[in-house]
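These notes concern the structure reproduced below.
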Amino acid sequence: MHGFLQTFSDVLFHQLDVSDPASVLYLAQFIKTKFGRLDILVNNAAILEIELEPDATDLLKQVTDLYEMAKECLNINYYGTKSVTETLIPLLQLSLSPNIVNISALYGQLNFIHTKNIQKELSEVDDQTEEKIDQMLQKFLNDMKENKLEENEWPTQLAAYKVSEVALNTYKLKQI
Ligand SMILES: NC(=O)c1ccc[n+]([C@@H]2O[C@H](COP(=O)([O-])OP(=O)(O)OC[C@H]3O[C@@H](n4cnc5c(N)ncnc54)[C@H](OP(=O)(O)O)[C@@H]3O)[C@@H](O)[C@H]2O)c1
246 MHGFLQTFSD VLFHQLDVSD PASVLYLAQF IKTKFGRLDI LVNNAAILEI ELEPDATDLL
306 KQVTDLYEMA KECLNINYYG TKSVTETLIP LLQLSLSPNI VNISALYGQL NFIHTKNIQK
366 ELSEVDDQTE EKIDQMLQKF LNDMKENKLE ENEWPTQLAA YKVSEVALNT YKLKQI
């Protein structure tokens, strides 16, 4: 037990909400002031969206909640991770051996997205990729709002989680 405490005695913590730009900036400022650079960034933050209860009585409320949850899921899993990464890149560039580790999921494989054209477009990594990811996420949210997920061949189980992980993996390819 003593050894455990000794090992972690010089760990410093800082609060972070990846979906809050001010919080991300505070963390960057903290790292800059304390260490002057960043050697490794591990992007682990992610949430799952809730699933619809099969015997739900207030279906409209559940669908609205699900849509809001999907937006939050994309905001944290994809946009949050992207914002943290882009904000911290200048500090990583001051390191002699910078590393970024994005924790992803099997659900982030592109073959979970069957929507016409989107799979093909995202597999072509080029300068337009970020714009294409944004377009994909917007189309996904629109289809979800209009109850067209199944019709447009999106995943129907853990849909926002899968789409956010695909977006993150595609973005990761662009970073390399
Ligand atoms: N569990 C699995 O089977 C599995 C499989 C494949 C991949 N993964 C991936 O592994 C990673 C970790 O997942 P996990 O299973 O360990 O889930 P978890 O226990 O729920 O951990 C998720 C972490 O994300 C943090 N987080 C959530 N929202 C955040 C926000 N807005 N800002 C900052 N941090 C936030 C949570 O912090 P708080 O606790 O403070 O809320 C928590 O520490 C995720 O990227 C996930 O996609 C998990």
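Okay, so the sequence shown: first residue is 246 according to the numbering used here, each after it adds one. No residue lacks a Cβ here, since even glycine has one placed at the ideal position from N, Cα and C. Note that the coordinates shown come from a computational prediction; the quantities given were computed from them, not determined experimentally.
Is residue i near ligand 1, going by C-beta to nearest heavy atom under 7 Å?
{"i": "residue 264", "result": "yes"}
{"i": "residue 291", "result": "yes"}
{"i": "residue 286", "result": "no"}
{"i": "residue 295", "result": "no"}
{"i": "residue 276", "result": "no"}
{"i": "residue 325", "result": "yes"}
{"i": "residue 333", "result": "no"}
{"i": "residue 350", "result": "yes"}
{"i": "residue 321", "result": "yes"}
Distance check for residue j and residue i, CA to CA, integer angstroms please.
{"i": "residue 331", "j": "residue 324", "result": "10 Å"}
{"i": "residue 338", "j": "residue 267", "result": "21 Å"}
{"i": "residue 286", "j": "residue 416", "result": "15 Å"}
{"i": "residue 344", "j": "residue 321", "result": "21 Å"}
{"i": "residue 327", "j": "residue 316", "result": "15 Å"}
{"i": "residue 379", "j": "residue 401", "result": "20 Å"}
{"i": "residue 302", "j": "residue 393", "result": "21 Å"}
{"i": "residue 269", "j": "residue 259", "result": "10 Å"}
{"i": "residue 399", "j": "residue 385", "result": "8 Å"}
{"i": "residue 263", "j": "residue 362", "result": "30 Å"}
{"i": "residue 281", "j": "residue 387", "result": "42 Å"}
{"i": "residue 252", "j": "residue 395", "result": "51 Å"}
{"i": "residue 376", "j": "residue 254", "result": "44 Å"}
Is the beta carbon of residue i less than 8 Å from the beta carbon of residue j?
{"i": "residue 294", "j": "residue 403", "result": "yes"}
{"i": "residue 374", "j": "residue 397", "result": "no"}
{"i": "residue 329", "j": "residue 288", "result": "yes"}
{"i": "residue 312", "j": "residue 389", "result": "yes"}
{"i": "residue 279", "j": "residue 257", "result": "yes"}
{"i": "residue 413", "j": "residue 347", "result": "yes"}
{"i": "residue 273", "j": "residue 333", "result": "yes"}
{"i": "residue 336", "j": "residue 276", "result": "yes"}
Looking only at its chain, what residues have a beta carbon closer than 7 Å to the beta carbon of residue i, apart from the 5 residues adjacent to it on each side?
{"i": "residue 318", "result": "292, 294, 405, 406, 409"}
Which same chain residues end up closer than 6 Å to residue i when comparing Cβ atoms and leaving out the 5 residues on each side of it in sequence?
{"i": "residue 350", "result": "410"}
{"i": "residue 309", "result": "none"}
Which residues in the same chain have their Cβ closer than 8 Å to the Cβ of residue i, if we skip the five residues on either side of it in sequence?
{"i": "residue 364", "result": "355, 356, 358"}
{"i": "residue 314", "result": "294, 295, 405"}
For the beta strand (DSSP E) that residue i lies in, which residues bound it at each end?
{"i": "residue 256", "result": "Where residue 256 is concerned, there is no enclosing beta strand (DSSP E), given that its DSSP letter is neither H nor E."}
Would you give the residue range spanned by the alpha helix (DSSP H) that residue i belongs to?
{"i": "residue 363", "result": "363 to 368"}
{"i": "residue 329", "result": "326 to 337"}
{"i": "residue 293", "result": "Element bounds for residue 293: n/a, residue is neither H nor E."}
{"i": "residue 387", "result": "374 to 390"}
{"i": "residue 276", "result": "266 to 280"}
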